[in-house]
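Just so you know, our numbering puts the end of the sequence shown at 1094, numbered straight through with nothing missing.
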Amino acid sequence: MSAQFLSVDVPDQITAAVFLEAPAQSIVLLQAYIESHESLGAVRTLNRTQNLLCILSTRDMLGSLLDFLFSVRDTCPWREARTVDKALLEFYRMVPSGNVDGQSD
(Lines of atoms letter the chains of each structure in order from A and count residues from 1; the text may use other names and numbers.)
(Lines give C-alpha, C1' and ligand atoms only; values in the text may rest on other atoms or scores of the structure.)
Protein backbone atom coordinates (compact mmCIF):
# COMPACT_ATOMS: atom_id res chain seq x y z
CA MET A 1 0.00 0.00 0.00
CA SER A 2 1.61 3.17 -1.14
CA ALA A 3 0.67 6.68 -2.12
CA GLN A 4 2.33 6.01 -5.48
CA PHE A 5 -0.83 4.11 -6.47
CA LEU A 6 -3.17 6.95 -5.54
CA SER A 7 -3.65 10.53 -6.63
CA VAL A 8 -2.24 12.27 -3.57
CA ASP A 9 -1.41 15.95 -3.23
CA VAL A 10 0.60 17.39 -0.35
CA PRO A 11 0.25 21.16 -0.81
CA ASP A 12 1.93 22.22 2.43
CA GLN A 13 3.65 20.90 5.55
CA ILE A 14 0.38 19.85 7.19
CA THR A 15 -2.20 18.91 4.56
CA ALA A 16 -2.58 15.78 2.45
CA ALA A 17 -5.36 15.21 -0.07
CA VAL A 18 -6.31 11.91 -1.68
CA PHE A 19 -8.38 12.03 -4.88
CA LEU A 20 -10.68 9.10 -5.66
CA GLU A 21 -13.53 8.14 -7.94
CA ALA A 22 -16.35 6.08 -6.44
CA PRO A 23 -19.99 5.24 -7.13
CA ALA A 24 -22.38 7.64 -5.38
CA GLN A 25 -23.38 5.08 -2.74
CA SER A 26 -19.70 4.42 -1.97
CA ILE A 27 -19.06 8.12 -1.45
CA VAL A 28 -21.75 8.26 1.23
CA LEU A 29 -20.42 5.07 2.85
CA LEU A 30 -16.80 6.26 2.71
CA GLN A 31 -17.82 9.52 4.34
CA ALA A 32 -19.61 7.66 7.14
CA TYR A 33 -16.66 5.29 7.66
CA ILE A 34 -14.11 8.09 7.73
CA GLU A 35 -16.19 10.27 10.05
CA SER A 36 -16.45 7.33 12.47
CA HIS A 37 -12.63 7.14 12.65
CA GLU A 38 -11.71 10.37 14.36
CA SER A 39 -9.01 12.46 12.67
CA LEU A 40 -8.63 10.27 9.55
CA GLY A 41 -9.91 13.01 7.28
CA ALA A 42 -12.84 14.87 5.77
CA VAL A 43 -14.54 13.76 2.54
CA ARG A 44 -15.45 16.39 -0.04
CA THR A 45 -17.26 15.68 -3.31
CA LEU A 46 -15.55 17.70 -6.04
CA ASN A 47 -17.61 16.62 -9.04
CA ARG A 48 -20.88 14.69 -8.69
CA THR A 49 -21.08 13.93 -12.41
CA GLN A 50 -17.69 12.20 -12.40
CA ASN A 51 -18.07 10.88 -8.82
CA LEU A 52 -14.78 12.59 -7.98
CA LEU A 53 -14.00 13.10 -4.34
CA CYS A 54 -11.19 14.40 -2.22
CA ILE A 55 -10.32 13.22 1.25
CA LEU A 56 -8.52 15.95 3.15
CA SER A 57 -6.25 14.71 5.90
CA THR A 58 -2.96 15.58 7.52
CA ARG A 59 0.44 14.34 6.40
CA ASP A 60 0.77 12.59 9.77
CA MET A 61 -2.46 10.64 9.18
CA LEU A 62 -1.89 9.87 5.48
CA GLY A 63 -0.50 6.37 6.11
CA SER A 64 -3.44 5.49 8.36
CA LEU A 65 -5.89 6.89 5.82
CA LEU A 66 -4.37 4.86 2.98
CA ASP A 67 -4.37 1.69 5.10
CA PHE A 68 -8.01 2.32 5.93
CA LEU A 69 -8.99 2.96 2.30
CA PHE A 70 -7.42 -0.29 1.13
CA SER A 71 -9.05 -2.20 4.01
CA VAL A 72 -12.60 -1.12 2.99
CA ARG A 73 -12.12 -1.35 -0.77
CA ASP A 74 -13.98 -4.68 -1.08
CA THR A 75 -17.10 -3.42 0.71
CA CYS A 76 -16.88 0.17 -0.46
CA PRO A 77 -15.50 0.24 -4.01
CA TRP A 78 -13.33 3.13 -5.16
CA ARG A 79 -10.51 3.74 -7.61
CA GLU A 80 -7.73 6.22 -8.09
CA ALA A 81 -8.90 9.45 -9.69
CA ARG A 82 -7.80 9.28 -13.31
CA THR A 83 -7.70 13.03 -13.75
CA VAL A 84 -8.00 15.94 -11.39
CA ASP A 85 -9.04 19.06 -13.27
CA LYS A 86 -6.61 21.95 -12.78
CA ALA A 87 -9.49 24.27 -11.83
CA LEU A 88 -10.65 21.85 -9.12
CA LEU A 89 -7.12 21.53 -7.79
CA GLU A 90 -6.79 25.31 -7.68
CA PHE A 91 -10.13 25.61 -5.88
CA TYR A 92 -9.29 22.99 -3.27
CA ARG A 93 -5.87 24.54 -2.70
CA MET A 94 -7.42 28.04 -2.64
CA VAL A 95 -4.72 29.22 -5.03
CA PRO A 96 -5.45 32.00 -7.54
CA SER A 97 -5.85 30.86 -11.14
CA GLY A 98 -2.57 30.48 -12.99
CA ASN A 99 -0.63 30.06 -9.74
CA VAL A 100 -0.85 26.33 -9.02
CA ASP A 101 2.52 26.11 -7.29
CA GLY A 102 1.22 28.32 -4.47
CA GLN A 103 3.91 30.96 -4.94
CA SER A 104 2.88 34.60 -4.97
CA ASP A 105 3.59 36.70 -8.04
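The C-beta atom is built at its ideal place from N, Cα and C for all residues, glycine as well. Bear in mind that the values here come from a model prediction, so they are computed numbers and not experimental data.
6 Å CB neighbourhood of residue i in its chain, flanking five on each side removed
i	result
Leu1054	Leu1029, Gly1030 and Ser1046
Residue i versus residue j - alpha carbon distance
i	j	result
Leu1009	Gln1020	12 Å
Thr1034	Val1017	10 Å
Ala1013	Gln1002	31 Å
Candidates the options, of which the one nearest residue i by Cα
i	options	result
Arg1062	Ile1023, Arg1037, Arg1048 and Val1073	Ile1023
Pro1000	Thr1064, Leu1041, Ser1025 and Arg1048	Arg1048
Arg1026	Asp1056, Val1073 and Thr1064	Reading off the sequence, residue 1026 comes out as His, not Arg. It is Asp1056 whose Cα lies nearest to the Cα of His1026.
Ile1044	Asn1036, Val1032 and Arg1037	Val1032
Chain-order list of residues whose beta-carbon lies under 8 Å from that of residue i (same chain, five-residue window excluded)
i	result
Trp1067	Leu1009, Glu1010, Ala1011, Ser1015, Leu1019 and Leu1058
Gln1039	Glu1010
Cys1065	Ala1011, Ser1015, Leu1018, Leu1019 and Tyr1022
Cβ neighbours of residue i in the same chain (closer than 7 Å, five flanking residues each side left out)
i	result
Ala1070	Ser996, Phe1008, Leu1009, Glu1010 and Leu1041
Ala1005	Val997, Val999, Ser1046, Thr1047, Arg1048 and Leu1051
Val1073	Ser996 and Phe1008
Arg1037	none
Ranges of the alpha helix (DSSP H) found wholly within the segment 1002 to 1074, counting only runs of at least 4: 1013 to 1025 and 1051 to 1061
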